[in-house]
Each structure stands twice: as structure tokens, then as C-alpha cells.
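The structure appears right after this line, and notes come after that.
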Amino acid sequence: MQECNMFCTLGPSCKDPKVIAELINQGITTIRINFSHGTCADHTEYYNNIKEAEKIAGRKVHIFGDIQGPKLRINKFAGGPQQVVKGQSFILDESPLDGDNTRVYLPHPEFFDVCQVGDAILINDGIVVVECTKNHTNAAGIREIVTKVVREGTISDRKGVALPARVLPLSTTSPRDVECIENACAIGIECIMLSFIQTADDVRAAKKIINGRAKVMPKIEKPTAVLDLHEICKECEIMLIARGDLAVETKLCRVNYLQKYITDVCRQHNVKIVCATQHLESLIELETPTIAEMSDIANAIYDGCDGILVTGECASGLNSANTISWLKKAILATGATMNPDAPLFK
Numbered sequence: 001m002q003e004c005n006m007f008c009t010l011g012p013s014c015k016d017p018k019v020i021a022e023l024i025n026q027g028i029t030t031i032r033i034n035f036s037h038g039t040c041a042d043h044t045e046y047y048n049n050i051k052e053a054e055k056i057a058g059r060k061v062h063i064f065g066d067i068q069g070p071k072l073r074i075n076k077f078a079g080g081p082q083q084v085v086k087g088q089s090f091i092l093d094e095s096p097l098d099g100d101n102t103r104v105y106l107p108h109p110e111f112f113d114v115c116q117v118g119d120a121i122l123i124n125d126g127i128v129v130v131e132c133t134k135n136h137t138n139a140a141g142i143r144e145i146v147t148k149v150v151r152e153g154t155i156s157d158r159k160g161v162a163l164p165a166r167v168l169p170l171s172t173t174s175p176r177d178v179e180c181i182e183n184a185c186a187i188g189i190e191c192i193m194l195s196f197i198q199t200a201d202d203v204r205a206a207k208k209i210i211n212g213r214a215k216v217m218p219k220i221e222k223p224t225a226v227l228d229l230h231e232i233c234k235e236c237e238i239m240l241i242a243r244g245d246l247a248v249e250t251k252l253c254r255v256n257y258l259q260k261y262i263t264d265v266c267r268q269h270n271v272k273i274v275c276a277t278q279h280l281e282s283l284i285e286l287e288t289p290t291i292a293e294m295s296d297i298a299n300a301i302y303d304g305c306d307g308i309l310v311t312g313e314c315a316s317g318l319n320s321a322n323t324i325s326w327l328k329k330a331i332l333a334t335g336a337t338m339n340p341d342a343p344l345f346k
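The UniProt record's numbering numbers the first residue of the sequence shown as 1 and each following residue consecutively.
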């Protein structure tokens with residue numbers, strides 16, 4: 001069996017150097033700094049805290065930075081959150097007026113360029129799903145996508161919107177992402193995690209910006225990225241299965257199959273693969289994980305994953321050290337069973 005490494009995410013629960021040192025002593029090999037939150041100064045502070053923790057622990061770790069990537073969002077509503085019901089019409093348009101329960105401003109022209117009749121559109125991480133019935137320019141000369149609500153729910157200001165079936169003509173890196181990358185490379189972060197990539201071209205574009213100063217770790221969380229997986233593998237040495245957004249943009253019941261497929265393709269290309277999202281989610285509030293969570297970690301290892309990344313359960317959970325302790329137990333227990341002569345009970 002290959003070694004399965006432990007990756008964790010830094011956050012409010014574990015930003016103190018002494019706490020980080022405790023995680024390092026438990027066997028963490030890689031620490032992720034999430035650039036979606038905070039400023040470059042905050043990211044630098046986190047980096048310095050890790051370096052101080054390395055001195056306390058007497059051991060070095062890998063430090064990765066995770067850029068936010070292209071996240072499309074609707075605009076605001078005049079009367080606060082709006083309820084939409086199944087079967088009703090709902091319009092996404094280019095009018096900058098505040099929305100209501102019949103329409104909202106979508107300030108992303110590229111979305112209108114590629115959306116087609118029949119496409120599913122996900123709003124608020126898929127809590128609300130609508131289907132395009134018309135994409136046209138109305139009598140007032142404003143482009144609009146007319147939809148029918150398929151899954152009802154509440155929509156509020158600045159929620160994310162996704163079009164899983166299409167490749168959007170978007171840059172992988174926003175100006176803020178570029179700023180974060182420049183700062184990360186300057187302070188010594190060794191790998192940049194690329195969020196919401198759609199194709200291998202997105203990885204190539206990001207690599208041009210990084211210009212050899214750090215490695216890249218594409219995050220597979222969009223259907224189009226899964227379809228271009230073999231080409232993406234040619235552009236990197238390590239990859240992340242970001243199961244959260246992958247579940248939103250595909251189907252929850254398909255994520256386990258996609259996880260196995262992505263892992264298999266990566267192993268064909270000798271690309272290291274790390275699995276993430278909700279491995280120990282219950283530990284955000286509890287002291288002991290569920291049977292399902294422990295089984296989930298084992299399943300990822302049996303598939304051939306090289307690492308497990310814990311995110312919110314470490315960054316903002318009840319007890320970061322306890323989270324890593326349980327992750328270590330799961331990995332060691334699973335590794336022991338990989339021996340064909342392993343006893344059933346030990």
C-alpha cells in the first residue's frame with residue numbers, strides 16, 4: 001500500500017503556531033491556506049505562523065495556497081431573500097435593477113453567450129435549480145434568460161450561479177487571484193491550488209502566470225473538468241477531488257463513482273490524487289466521527305488516494321487536534337487491512 005498523507009486547512013480554530021505544531025506532530029504533511037478568505041496580509045500571517053510551528057515541532061511541512069477562482073454570482077434583491085416555487089418563470093437578465101421573485105440581474109455576459117434551451121442552471125449551490133426555456137434579447141434590448149423553476153427554494157443576494165453543461169469563456173484567475181498568487185510565490189508557498197478549472201487550458205493559463213515559481217494542483221469540481229481529465233493530468237503532478245462543488249454540479253449520488261473514476265485516471269498518469277470534503281464533517285461540532293465518515297476515508301484509501309484533506313472540520317471545528325487524531329486513526333487502521341494476512345479483529 002502507498003502512504004496516504006494527511007492534509008489540513010488552516011483557519012480560526014488552528015491558526016495559533018502552538019496548535020499548528022500539535023497538528024504537525026500528529027503527522028500532518030501538508031497545510032492548505034484558503035485564499036477565498038482574508039487579505040494577502042492575512043495569508044502571509046498564516047504562512048509565518050506555519051513556519052514558526054515548524055520550528056516548535058522540529059519538522060517541516062508542505063504549504064499550499066488555494067485561490068478562489070471564477071465564481072459567478074447573481075446581484076441583489078430589492079426586498080431581501082426571495083422564494084421561488086416549482087413551475088414558475090424566473091428570469092436572469094442584464095438589467096442592473098435590483099431583483100424580485102420573478103427576475104434578477106446576472107452581471108456575467110459570458111453566461112448569456114453560451115446558455116442554451118434545456119440547460120440546467122444552479123443557484124445558491126444547487127439549492128434552487130431552474131431550466132432555460134429561452135435565451136434572447138427582449139423588446140427593451142436587454143438580454144435575458146427565461147427559465148422555469150425545477151427545484152424551488154429561497155434565493156438571496158450575491159448567491160452563486162452555475163451552468164454545469166457548458167464551458168464558459170472565463171479566466172481561471174481574477175485580478176484578486178493574481179494578487180494572491182504573486183504574494184504566495186513571494187513568501188514561498190510551494191503549490192497553488194486551482195479552483196473551478198473547466199479544461200486543461202485553464203491550468204496552462206494559470207501556469208503561465210505562476211511561471212515556474214510554484215507547482216499547481218488543479219481541483220476537479222466541474223463536469224467539464226472531469227471530461228478533460230486526461231489532458232489536465234498532463235499539466236500537473238498532483239490533483240484534488242473537490243467533492244463539494246462536484247456534487248453540486250453533477251449529482252450527489254454520482255460523486256462516489258466520479259471519485260473512483262478520477263482516482264483511476266490519475267493513477268494511469270502517475271498523478272498524485274487527494275480527496276476532500278466532509279470526510280470528518282461531524283467533528284465541526286462533535287468529538288467522535290460517524291461510522292460513515294470512517295468508512296468514507298477507508299474507501300478513498302482503498303481506491304488509491306495519496307492523501308485526505310480535511311477542511312472546515314479542522315479550520316473552524318470544535319477541536320482541530322482531535323480531527324487530525326481521528327484522521328490518523330482511520331488511515332492507520334485502513335493501512336493495516338491492506339495486508340492479505342491481516343486479522344479480522346485487532
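By construction, the Cβ of each residue, glycine as well, lies at the ideal position given by its N, Cα and C atoms.
Per the DSSP secondary-structure output, E131 pairs in a beta bridge with A120, K148. Note on the region 17-80: whole alpha helix (DSSP H) runs with a minimum of 4 residues are 17-25, 40-57, in chain order. Taking C-beta atoms as the reference points, G160 and L72 count as a pair closer than 8 Å. Annotation: N75 to D98 spans about 7 Å, alpha carbon to alpha carbon. Taking C-beta atoms as the reference points, D228 and L163 fail to come closer than 8 Å. Considering only P96, G27, G153, N135, the residue with the shortest C-alpha distance to F111 is N135. With contacts defined by Cβ atoms closer than 8 Å, K86 and V130 do not form a contacting pair. Taken through DSSP and simplified to helix, strand or coil, G87 comes out as coil.
Per DSSP, the unbroken beta strand (DSSP E) holding L309 starts and ends at 307-310. Beyond the five residues adjoining it in sequence on each side, A57 comes within less than 6 Å, by CB distance, of A21, I24, N25 in the same chain, given in chain order.
Unbroken beta strand (DSSP E) stretches of 3 residues or longer found wholly inside the region 263-314: 272-276, 307-310, given in chain order. Secondary structure remark: continuous beta strand (DSSP E) runs of at least 3 residues inside the region 172-221, in chain order: 191-194, 215-220. Straight across, the Cα-Cα distance linking D202 with T172 is about 6 Å. Contact between the region 239-255 and the region 272-282 is present, with at least three C-beta pairs closer than 8 Å. Where T250 is concerned, there is no enclosing alpha helix (DSSP H), because DSSP gives it neither an H nor an E. Taken through DSSP and simplified to helix, strand or coil, F112 comes out as helix.
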